[in-house]
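Worksheet for the structure shown next.
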Amino acid sequence: MELFVLLEKAKNNDKDAAYEIIKDFGATLKKLSKSLHYEEAETDLIIELLKLIQNIDIEKFKDSNHKQITKYIHMHLKKRTLNLLKKHENKFKECLEINHEILADDSIADTESTVLTSILIKSLVKQQRDIITMEFIQGFSEKDISQILGISRQAVNRAKNRALNNLRKFFIETGGESIGRKDHRASRKEWYMDSTNSSPYILYSQNPREKGSSSRRKGA
1 MELFVLLEKA KNNDKDAAYE IIKDFGATLK KLSKSLHYEE AETDLIIELL KLIQNIDIEK
61 FKDSNHKQIT KYIHMHLKKR TLNLLKKHEN KFKECLEINH EILADDSIAD TESTVLTSIL
121 IKSLVKQQRD IITMEFIQGF SEKDISQILG ISRQAVNRAK NRALNNLRKF FIETGGESIG
181 RKDHRASRKE WYMDSTNSSP YILYSQNPRE KGSSSRRKGA
């Protein structure tokens, strides 16, 4: 059935027609929802599509072909995706700040957070820390990060590269001794940065030391 006819029927509360339109745009909805990175994203976009169906001025598309109408709906969904991304920006930033506070809490030593605290909190400035956290921990793309932070993709890339270079410098200069140093609660076994793919990969031991143990050998 032609898209124009389906829109006309769906606008008149034909549920089957509305379902057909949702199914036709299923791949687009799924793809766009992935860029939003939250569980209900696809459902929110389906709701936006249904709102469009109800509010569309169908007469404007009377002489339009299938391709033109499809392009219009695609553009509308992309705009709504950006709006949803901005809507969730503040919520994400709040979560990010909470994560930073948790990582900075000394009571969670002897866990992976000890390593992340030393690297993300102590050795990077805030913007670099946010970008590294969003890309390597939260899984956001550079494009998503640029939209969340309101900066260009080039600025995100430059900040990320500076952050990775700072981490390499930090690793080389300190030898990793700052990781797990406090209270001697986490012992370092081996760790490195893989410069091949510019991603921070760390090998370490999570075995806590016994209370009262010293980093110095007796008799040394």
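Everything in the sequence shown is counted per full-length UniProt numbering, starting at 1 for the first residue and increasing by one. A virtual CB, placed ideally from N, CA and C, is assigned to each residue, including glycine. If you're wondering where the values come from, they're calculated on a predicted model, not measured in any experiment.
Open item on the list: I'd like to confirm something about Phe25: is its beta-carbon nearer than 7 angstroms to some heavy atom of the ligand HEM, or not?
Closed with: With respect to the ligand HEM, the structure shown offers nothing to examine, as it has no ligands at all.
Open item on the list: Taking the alpha carbon of Leu84 as the reference point, which residue from Asn65, Leu50, Leu45 and Glu2 has its own alpha carbon closest?
Closed with: Here residue 84 refers to the residue found at position 84 when the sequence shown is read from its first residue. Nearest Cα to Leu84 within the set Asn65, Leu50, Leu45 and Glu2: Leu45.
- [ ] Assign Asp130 to one of three DSSP states: helix, strand, or coil.
- [x] Here residue 130 refers to the residue found at position 130 when the sequence shown is read from its first residue. For Asp130, the three-state secondary structure derived from DSSP is helix.
- [ ] Express the C-alpha separation of Asp144 and Tyr19 in angstroms, rounding to a whole number.
- [x] Counted from its first residue, the sequence shown places residue 19 at position 19. Counted from its first residue, the sequence shown places residue 144 at position 144. About 30 angstroms.
Open item on the list: Considering only the alpha carbon of each residue, which of Gly150, Lys60 and Ser33 lies closest to Glu8?
Closed with: Counted from its first residue, the sequence shown places residue 8 at position 8. Measuring from the Cα of Glu8, the nearest candidate turns out to be Lys60.
Task: DSSP-derived helix/strand/coil call for His76 - done: Numbered from its first residue, the sequence shown carries residue 76 at position 76. His76: helix per DSSP, three-state reduction.
Open item on the list: Using 8 angstroms as the cut-off, can you tell me whether the segment 128 to 139 makes contact with the segment 148 to 168, which would need three or more C-beta pairs spanning the two stretches below that distance?
Closed with: Contact annotation: the segment 128 to 139 touches the segment 148 to 168, with at least three C-beta pairs closer than 8 angstroms.
- [ ] Would you mind reading off the limits of the alpha helix (DSSP H) that contains Gly150?
- [x] Counted from its first residue, the sequence shown places residue 150 at position 150. Taken as a continuous stretch (DSSP letters only), Gly150 belongs to no alpha helix (DSSP H), as it is neither H nor E.
Task: Contacts around Gly26, its chain only, beta-carbon distance under 7 angstroms, and the 5 residues preceding and following it disregarded - done: Along the sequence shown, read from residue 1 onward, the residue named residue 26 stands at position 26. If the five residues before and after Gly26 are omitted, its C-beta is found closer than 7 angstroms to no C-beta atom of its own chain.
TODO: Can you tell me which of Ala41, Leu164 and Glu2 puts its alpha carbon nearest to the alpha carbon of Leu82?
DONE: Taking the sequence shown and counting its residues from 1, the one referred to as residue 82 is at position 82. Comparing Cα positions, the closest option is Ala41.
TODO: Would you identify the three-state DSSP class for Gly139, choosing helix, strand or coil?
DONE: Against the sequence shown, residue 139 aligns to sequence position 139. DSSP, read as helix, strand or coil, puts Gly139 in coil.
Open item on the list: So, under 8 angstroms CB-CB, Thr28 and His74 are touching, yes? Tell me the CB distance rounded to an integer number of Å.
Closed with: By one-based count along the sequence shown, residue 28 stands at place 28. By one-based count along the sequence shown, residue 74 stands at place 74. Contact holds; Cβ gap of about 6 angstroms.
Open item on the list: Quick test of your reading: Ile53 and Lys11, contact by CB under 8 angstroms. State the CB separation rounded to the nearest angstrom.
Closed with: Locating residue 53 in the sequence shown gives position 53, counting from the first residue. Locating residue 11 in the sequence shown gives position 11, counting from the first residue. Contact check for Ile53 and Lys11: beta-carbon distance about 6 angstroms, within the 8 angstroms limit, so the pair qualifies.
TODO: Give me the Cα-Cα distance between Gln68 and Asn166, rounded to the nearest whole angstrom.
DONE: Translated into the one-based positions of the sequence shown, residue 68 becomes position 68. Translated into the one-based positions of the sequence shown, residue 166 becomes position 166. Rounded to whole angstroms, the separation of the alpha carbons of Asn166 and Gln68 is 49 angstroms.
Task: Per-residue burial, Ser152 [other beta carbons within 10 Å of its own, 16 or more giving buried] - done: Here residue 152 is taken as the residue at index 152 of the sequence shown, counted from 1. Ser152 is exposed by the Cβ-count criterion.
TODO: Taking Val125 as part of the alpha helix (DSSP H), name the residues at either end of that continuous run.
DONE: Here residue 125 refers to the residue found at position 125 when the sequence shown is read from its first residue. Taken as a continuous stretch (DSSP letters only), Val125 belongs to no alpha helix (DSSP H), as it is neither H nor E.
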